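Visitor: Residues 1 to 1103 (full-length UniProt numbering) make up the sequence shown, in order.
What follows is a structure written as structure tokens; I'll ask about it next.
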Amino acid sequence: MVSTNPPLGVATLNRGRNTFRGVPKAEIERRTNTLLQAMTIEELYAALVFMTQHQVGYDVSKECELETLLNYLQNAFKVDNDMHERVLHETKNMEPPEMHLNVEVIEAKELVSKDSNGKSDPFCALYLESAPTRRYNTAVKTSTLSPVWEEHFELPLDDPENDVLYLEVWDFDAAETVPEKMSKVKDVKGVRGLVKLAKEIAVTATTGCHDNEFIGRCRIPLKDIPTTGHTMWYSLEKKNKSKRRGVVKLRLAFSAEHNAQVAAQEYRHLIRVLLLYEIETQKIEKYCWCGRWSAPAEVLLLQHSAQRGLLARNVTLAQWIEYSRIHQEHPLNFIVFNKLAIDLLRPMENGLFSADETRLFWDATKKLLYSCLNSIRKIRRLTIGDKNAMTQLSAILGILSSISSLKVPEDINLFPAKMYPWFPDPDETLSVLQALEYTVEQGGIEWFDHILNNNFPENESDEDALKYHIKVIQLVRADLQNAIDNYDRLFIKRINFPYARCLYMMYEKRISDICMIVIEDVCGRLKRIEIENADVELNLGTTLFELYLALQRYVILGQVLCAEGQLEGMKVQTYYNWFRAGVAHWLDIAVYKALKRIDRAVEFDTLQAVDNSVQYSSSAVDTLTIFYQIKVFWTQLAWPDTEGSYTFIAKIIDDICKCSIAYADKMAKKAELTTELEQLSESSVYERKFSVSTAWCFAINNIDYIRTSIAPLANDLGLQNIVDELAEKKTQEDADRCKQTLQLIIDNATDTVKNKIIELLQVVADKMSPAMNRYLMEGAELIDATSNTMDRLLQYLDSNLSTLHDHLNEDNFERILHVIWDTLSESLYQLVHNNLERRRPPSFYSNLHRTLHTLIRYFNVGADETANVKVLEKIEHLLELHGLETAELIHRYHQERIKEQNELEESEYGQITVKAQFVDNSLNIQILNARKLRPVDSNGDLVGKVSTLKHKLHTKSKQRLKEGKTSSCDSYVKVKLLPEEKFADVKLPKTHVQKENLYPLYDEIFNIPLTSEQRATENAIVVFELKDKDFLRSRFMAEAFLPFSEIPETGPDQGIESLDQIHLNLSRPTRKSTDVIQALEHRKGDNQATEFLSKLSSKAERK
């Protein structure tokens, strides 16, 4: 039915038409009703039954049946059947409510232009199909194609289900004269605009009319509008025009005339009744209702808000108020409040609520804030990792963030003292963030008290007291870590509040207060470590250090959480000063433990190399690891005070030196014991003599390994960093002086350990001394020149020095040579001195003299017989030879033969001329001739040397050649490749025999195929062996050597004929006893060495 009341915003008629003007949005929102009518439950129930029977919106049929809604309503309001039937009967006889369509014309865009300037002056006209003459017009927006109106209209409805809303957009044309029209020429846009202006001028000149121009319209059936209303863009159309005319944005909703405040009060009461009923019937747990209504409840709320014309903000405010009240009795999910808080921000900021509504909002907020803050105070009751709990917490922080952005009225106290007894000043006016800070601190205080009340020392000892404080700090750090891992980011993201930092600063005060006094008291009563009570002191010191580390980690955590300025004034930042008296005790503990571990390391050391690449055993590695554990302790200590660090590092280096000396003493005893056990099997006391074992070598190397590690270890302690910090805090001169002092400590420590090595070397020499003295005495007393006593002495030295060379590093081997030489020199001196008065024969001193010279040559002291012994090249050479395999030793002999061959200017055995080349892996050899061969008679004996002059005359005298026929040879050349074991599978060639000729011409070419491995053999040699072919056998004459390295490598296109000739001097082995030969002779029982020496002897020249 059509309302008899005049509609809002009825405007004056425009150009003889019946039109109605809209009212601006701000004007409607200022209209309030000052009277609130009291309403009983029965009246509210009747009103709801009436609205249910007259629902609005296209989605009515899609929700619930009428009967279902009425039954739900009866149950929710707990109305008996009699009353329900009476109300139902009364409401059926009442006239339907007077419905209105609320239209807000918001804006339009992309309108077509109607004026000559390319723009339009648009306004809107609204009317219902049932009342086309009752029009409502918006204001005119000049010169725009995208107008913004934001005007509200309320249209009375007779038939909401079948009526249609029409909205037309027009271009307004004002009444103008022809001159006024012509003055617009300067604003014309384009040819089309000029044509349009010309038409307007012509029409005005001829008729005087100036009608508005139609732009487009949209048609909206009311049945398409939902109960809750909607906001949509609608396209404008024009009959017979397919081109788009633009779009207009409208907000549409139904309402019935009703007092706004009464409607809001009704809605709040309805929310409370329905929500309590939902909680009761659906058995909803606390904190679980998240705003989802059952279908009947949702329909009832929507119909009430629509038919009472409640604005969205009024609905939200009503929910905020009633939800907060119910939350006190049955806590709801905080997500509901977070969404409402966000929706209420803009209306509250813009002052769109009345004073009473604002008061209701803050009263509800006060109740909700207590619940939010109390939940944060008890945050430790949340289950870590529970997604729902984190969602709730995020919603709480969102609520606090939204409330904190609003300005609180001066007469509102959100945090009354009786609700928040933990706030420090009850009279202080707090912001939301300040209240949050106090609440977080209170939660931490309660948790700290819980820790103290539920943990106690086991007894009254100092150690248990320290353990108790460690546990407290660990539990506090666990709480902080939980805050960092799970809550801190969320607090910062949602409300920009540093949750973990706030907790840290609260805990810091309490930890400092309970720890400082206890620590200083315990440190002041620490005792020196004694053997009888070592365990007690060790345990106490270790526990004290654990407390130090716990506080250190707490301080480091604070440096991460707090800004630099916030750390100032915190007692815990100088925690290390509480422990200053305990550091020396910790260092004593470290030394005590190190010595115990060194004992075990030496005990279990087998004095065998850790692996083939090193010359030290397991205890050296273990000891260095022990030292680095001290370094780890220092790293963990991380002493912040630079001057204190300087003092402590000096003590650490000194302690490491003490441990190194102790290790050296233990290694000496270990080596001596091991050696004695190895030599118990000696049969005769007289024959029993000390032999250097590998145990002594490893003991010496181990100590040296520790010595060389002291300086790097000192650097790893951060020595340079301390010096740099001293330079910054004091002067560079002070820093340099401290550095020199520390370096002196390091050098002294290194030298002390080095002296222990020299002492141990002297012990080895002293143990060798009895055997050496006995050999010296025997050699001096035995007159027989054939005595082998000197050889036995040298063999004894060779044996021991070989062991020392093989197992000592180079520096220590050099030292032991010095020590042994000094010991031998002293023994000789004592031997001479002791026998001066015994009337020894001259031969005794003569023998000693020869022995002295022999030893000087042996140790290679040099011309200056008083010179200190040096690293002996000869001994190094002999030891190297003794270390070679037999085949390698034989090949070394052939290499020495090459050197001898190259040193010959002219050979008495003649010369051989050859050519040789490598072509890939093929060895080509051309044997050209031989010259000046040594003749052999028919018995195979050498005739004798032929002088150089005879050879010259021989070439000029045919007669002499004829006479020489009886002194000639039948020679041929046999090629060999060395080392023989590398070329065992190679077929070796030989030339034809050249009979009765001392200048044979062979001129034969041989090709010897090799494998790539054979070709690459290091130091390989080609041997040209000349033999004399006799009737029964061939006899060796001489040989020459050509190394692979001197044979050129050519391409296959270069023939051997183009190469230069190679002239090689022939030679024979001599009986000279070289180092190599002696080494081979020492290899008794080695068949390869014996066979080689036998062949060598047969080749040697017989004198």
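Just so it is clear, CB atoms sit at the ideal spot from N, CA and C, and this is done for glycine as well.
Please read all numbers here as calculations on a predicted model, not as lab measurements.
Rounding to the nearest angstrom, what Cα-Cα distance links Ala887 and Phe1092 in this structure?
Guide: Distance between the alpha carbons of Ala887 and Phe1092: 10 Å.
Visitor: Could you tell me which whole alpha helix (DSSP H) segments of length 4 or greater appear in the stretch 1009–1078?
Guide: Qualifying alpha helix (DSSP H) stretches, in chain order: 1012–1015.
Visitor: Could you give the DSSP three-state label for Arg251: helix, strand or coil?
Guide: Strand.
Visitor: Under 7 Å between the Cβ atoms of Gln615 and Asn715?
Guide: No, these two residues do not count as a Cβ contact at 7 Å.
Visitor: In chain order, what residues of the same chain lie with their CB nearer than 8 Å to the CB of residue 1105, ignoring the 5 residues before and after it?
Guide: Nothing about residue 1105 can be reported from this structure: the residues present for the chain run from 1 to 1103 only.
Visitor: In angstroms, rounded to a whole number, what distance separates the CA positions of residue 1106 and Tyr628?
Guide: Lying outside 1 to 1103, the shown extent of the chain, residue 1106 is not represented and no answer is given.
Visitor: Near Ile511, what residues of its chain come up, given a Cβ to Cβ distance below 8 Å and the 5 sequence neighbours on each side ignored?
Guide: Once the five neighbours on either side are set aside, the close Cβ partners of Ile511 are Val472, Ile473, Val476, Leu551, Tyr554 and Val572.
Visitor: Just to confirm my understanding: we take Ser684, look at its own chain, exclude 5 residues before and 5 after, and list those with CB closer than 7 Å. What are they?
Guide: In this predicted model, Ser684 has a pLDDT of only 48, less than 50, meaning its place in the structure is not dependable; the value taken from the coordinates is given anyway. Hits under 7 Å: none found.
Visitor: In three-state DSSP terms, what is Ser120?
Guide: Here Ser120 sits in coil by DSSP.
Visitor: Where do the N-terminal and C-terminal ends of the beta strand (DSSP E) with His330 fall, by residue?
Guide: Element bounds for His330: n/a, residue is neither H nor E.
Visitor: Report buried or exposed for Ser255, applying the criterion of at least 16 other Cβ atoms within 10 angstroms of its Cβ.
Guide: Its Cβ being crowded by 16 or more others within 10 Å, Ser255 is buried.
Visitor: For Asn929, write down the residues that DSSP places opposite it in a beta bridge.
Guide: DSSP output for Asn929 lists Thr913 and Leu1001 as bridge partner(s).
Visitor: Using only CA atoms, which one of Lys596, Trp639, Val621 and Gln559 lies nearest to Ala581?
Guide: Considering only alpha carbons, the answer is Trp639.
Visitor: What does the Cβ neighbour count give for Asp80, buried or exposed, with the cut at 16 atoms within 10 Å?
Guide: It is exposed - the Cβ of Asp80 has fewer than 16 other Cβ atoms within 10 Å.
Visitor: Would you kindly report the start and end of the unbroken alpha helix (DSSP H) that includes Ala601?
Guide: Its alpha helix (DSSP H) spans residues Arg580 to Glu603.
Visitor: Determine contact between the stretch 919–934 and the stretch 970–981, defined as no fewer than three beta-carbon pairs at a distance below 8 Å.
Guide: Yes, the stretch 919–934 is in contact with the stretch 970–981.
Visitor: With distances taken from CA atoms, which of Gln740, Ala699, Thr708 and Lys730 is nearest Leu719?
Guide: Ranking Gln740, Ala699, Thr708 and Lys730 by Cα distance to Leu719 puts Gln740 first.
Visitor: Could you please give the first and the last residue of the uninterrupted alpha helix (DSSP H) stretch that includes Cys218?
Guide: No alpha helix (DSSP H) contains Cys218, which is instead part of the beta strand (DSSP E) from Glu213 to Pro221.
Visitor: Using only the alpha-carbon positions, how far apart do Asn33 and Ile376 sit?
Guide: Residue confidence is low: Asn33 scores 37 on pLDDT, short of 50, so the model does not pin down where it sits. Its coordinate-derived value is still stated next. Straight-line Cα distance between these residues: approximately 41 Å.
Visitor: Provide the residue span of the alpha helix (DSSP H) that contains Met83, from first to last.
Guide: Per DSSP, Met83 belongs to the alpha helix (DSSP H) from Asn81 to Lys92.
Visitor: Considering Asp462, what are the terminal residues of the beta strand (DSSP E) in which it resides?
Guide: Here Asp462 belongs to no beta strand (DSSP E); instead the alpha helix (DSSP H) covers Asp462 to Asn482.
Visitor: Kindly examine the ligand MN and report whether one of its heavy atoms sits closer than 6 Å to the Cβ of Lys238.
Guide: The ligand MN is absent from the structure shown, which contains no ligands of any kind.
Visitor: For Asp611, tell me which candidate among His807, Gln481 and Tyr507 has the shortest Cα-Cα distance.
Guide: Measuring from the Cα of Asp611, the nearest candidate turns out to be His807.
Visitor: In angstroms with no decimal places, state the Cα-to-Cα distance between Thr1050 and Ser1058.
Guide: Those two C-alpha atoms are separated by around 11 Å.
Visitor: Going by CA-CA distance only, name the one from Thr625, Ser1073, Glu107 and Glu546 that's closest to Ser1097.
Guide: With distances taken between Cα atoms, Ser1097 lies closest to Ser1073.
Visitor: Considering Cα atoms alone, identify which of Gly385, Glu161 and Lys141 is closest to residue 1109.
Guide: As displayed, the chain neither begins before 1 nor continues past 1103, which places residue 1109 out of reach and without an answer.
Visitor: For the candidate residues Lys223, Ile514 and Pro122, whose alpha-carbon lies nearest to that of Asp159?
Guide: Nearest C-alpha to Asp159: Lys223.
Visitor: Count the CB pairs spanning the stretch 1029–1045 and the stretch 885–902 that are closer than 8 Å, and state whether there are at least three.
Guide: Result yes; three or more Cβ-Cβ pairs closer than 8 Å.
Visitor: Taking the C-alpha atoms as reference points, what is the distance between Leu490 and Asn453?
Guide: Answer to the nearest angstrom: the Cα atoms are 30 Å apart.
Visitor: Indicate whether Thr316 and Leu340 have their beta-carbon atoms separated by less than 7 Å.
Guide: Yes, Cβ-Cβ distance for Thr316 and Leu340 is below 7 Å.
Visitor: With a threshold of 8 Å, are at least 3 pairs of Cβ atoms found where one atom belongs to the stretch 687–697 and the other to the stretch 794–804?
Guide: The stretch 687–697, when compared against the stretch 794–804, does touch it at the 8 Å Cβ threshold.
Visitor: Restricting to runs no shorter than 3 residues, where is the beta strand (DSSP E) found entirely within the stretch 380–408?
Guide: Listed in chain order, nothing qualifies, since the stretch 380–408 has no complete beta strand (DSSP E) run of 3 or more residues.
Visitor: Anyone know if the C-beta pair for Ile626 and Ala664 falls short of 7 Å?
Guide: The answer is no: Cβ separation not under 7 Å.
Visitor: By the DSSP assignment, the beta strand (DSSP E) with Tyr136 in it spans what residues?
Guide: Counting along the chain, the beta strand (DSSP E) containing Tyr136 begins and ends at Ala131 to Asn137.
Visitor: Expressed to the nearest angstrom, what Euclidean distance is found between the alpha-carbon atoms of Glu537 and Ala563?
Guide: If I take the Cα positions, the gap works out to 39 Å.
Visitor: Counting Cβ pairs, one atom from each stretch, are 3 or more of them under 8 Å apart for the stretch 755–766 and the stretch 813–824?
Guide: The stretch 755–766, when compared against the stretch 813–824, does touch it at the 8 Å Cβ threshold.
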